[in-house]
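Novice: Numbering of the sequence shown is given in UniProt numbering, commencing with residue 1 and proceeding in unit increments.
Backbone N, C-alpha and C fix where the C-beta goes; we use that ideal spot for every residue, glycine too.
Model, not experiment: these values are computed from the prediction.
Here it is: the structure, laid out below.
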Amino acid sequence: MPVKGKVKDFREGGVYYIYNAGIEGRDVFGDDEDFRMWECLMQKYLMPVEEKIAPGFKGTRPYLKRRYEEMNLYGQVEIWAYCLLRNGLHILGRQTTERGITDLMRRAGTRYVMWYNQKYKRRGPLFEGIYKAVLLDQPSEILRMSKIIHQKPVVGSVRRFGLVETVTGTTFDEYPYSSYGCYLGKEGKTWVMTKEVLEMAGGVGAYGKLMQLRGG
C-alpha cells in the first residue's frame, strides 16, 4: 500500500492538505529567521510581481521582469491555512491550475533548502523526500483540516506543585508561525486567504468557537 498522500491526485480547483517533515527527524526551521524566510517565499510566489528597479535604470530590466513573471504563481495557488513547526510544515491550499501546488512546493522548497544549507554550512536534502498531498473533497473535511493545522502548535508540559498538577505550554492563538492570526484579524499576511474557510464555519465567531474544541 502506498503512503497516504504520496500518490497525488492533482486536479484543477482541488483543495489539498500538504505536509512534509525533516529528513531523519531533523528540524527544518532552526530559528525565527528560518520561519520568516519560508513565509517570505510564499509571499514572493503567491502575490503579484512588484516592480523591482535596479540602480541606474528607470524600471525593471526586461529579462528580470520576464523571469519574475515566469516564476510567479499568483492566481494559480491559494493558501487557506498553514502552520510551520520546527520539524516540518503543514499547509491547506487550493490550486486553480493542475500544476499550481507542484510548482509552488518545488520552487519554494528548492529556494529554501539552498538558503538553509548555505546559512548552516551543510549539504544534501533537508526534507523527508517529496512532500505529501491529500485531496479534500468535502467542506467538512476542509474545515476539520484547517482546525487541525491551526492546533498543531499546542505543546503542553505538566508541572507539579505539591499535590496539584498544572499543564503549561504554547497555545495555538499565541503561536506566530501559523495563519491563525489572519483568521482573528490580527495579522495582515495578504497571501493567506481566509474567506472560504470562514464561510464554511459560519463566520469569525463560529470559527473561534470551533477552535476552542479539542479533537477532530
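Who are the Cβ neighbours of Tyr177 in its own chain at under 6 Å, not counting the five residues just before and after it?
Specialist: Result list for Tyr177: Phe35, Leu84, in chain order.
Novice: Ordered along the chain, which non-local residues of its own chain (more than five positions away) have a Cβ less than 6 Å from that of Tyr63?
Specialist: Model confidence at Tyr63 stands at a pLDDT of 49, short of 50, so the residue's coordinates are unreliable; what they give is reported in the following sentence. So the list is empty, once near-sequence residues are dropped.
Novice: Let's test the definition: count the other Cβ atoms within 10 Å of the Cβ of Met42 and tell me whether it reaches 16, buried, or not, exposed.
Specialist: Result: buried.
Novice: Kindly identify the DSSP beta-bridge partner or partners of Ala21.
Specialist: According to DSSP, which records beta bridges pairwise, Ala21 is partnered with Gly88.
Novice: Out of Ala201, Met145, Val192, state which residue places its alpha-carbon closest to the alpha-carbon of residue 228.
Specialist: It is not possible to answer for residue 228, since the shown part of the chain is limited to 1 through 216.
Novice: Starting from the C-beta of Tyr112, find all residues in its chain whose C-beta is less than 7 Å away, skip the five residues before and the five after it, and write them out in chain order.
Specialist: Correct list, in chain order: Met37, Trp38, Leu41.
Novice: Check the DSSP bridge columns for Arg94 and list the partner residues they point to.
Specialist: Looking at the DSSP assignment, Arg94 forms a beta bridge with Val15, Glu78.
Novice: Please confirm whether Glu174 and Thr96 have their CB atoms less than 8 Å apart.
Specialist: Cβ distance not < 8 Å, so Glu174 and Thr96 don't count as in contact.
Novice: Are the beta-carbon atoms belonging to Tyr146 and Leu92 less than 8 Å from one another?
Specialist: According to the sequence displayed, residue 146 carries Ser and not Tyr. In contact: Ser146 and Leu92 (Cβ atoms closer than 8 Å).
Novice: Between the stretch 106–121 and the stretch 202–209, are three or more C-beta pairs nearer than 8 Å?
Specialist: They do not touch, by the three-pair rule.
Novice: If you draw a straight line from the alpha carbon of Arg26 to that of Tyr180, how long is it in whole angstroms?
Specialist: Going by the C-alpha atoms only, they are around 25 Å apart.
Novice: Roughly how many angstroms lie between the CA atoms of Met47 and Asn72, to the nearest whole one?
Specialist: The straight-line gap from Cα to Cα measures roughly 8 Å.
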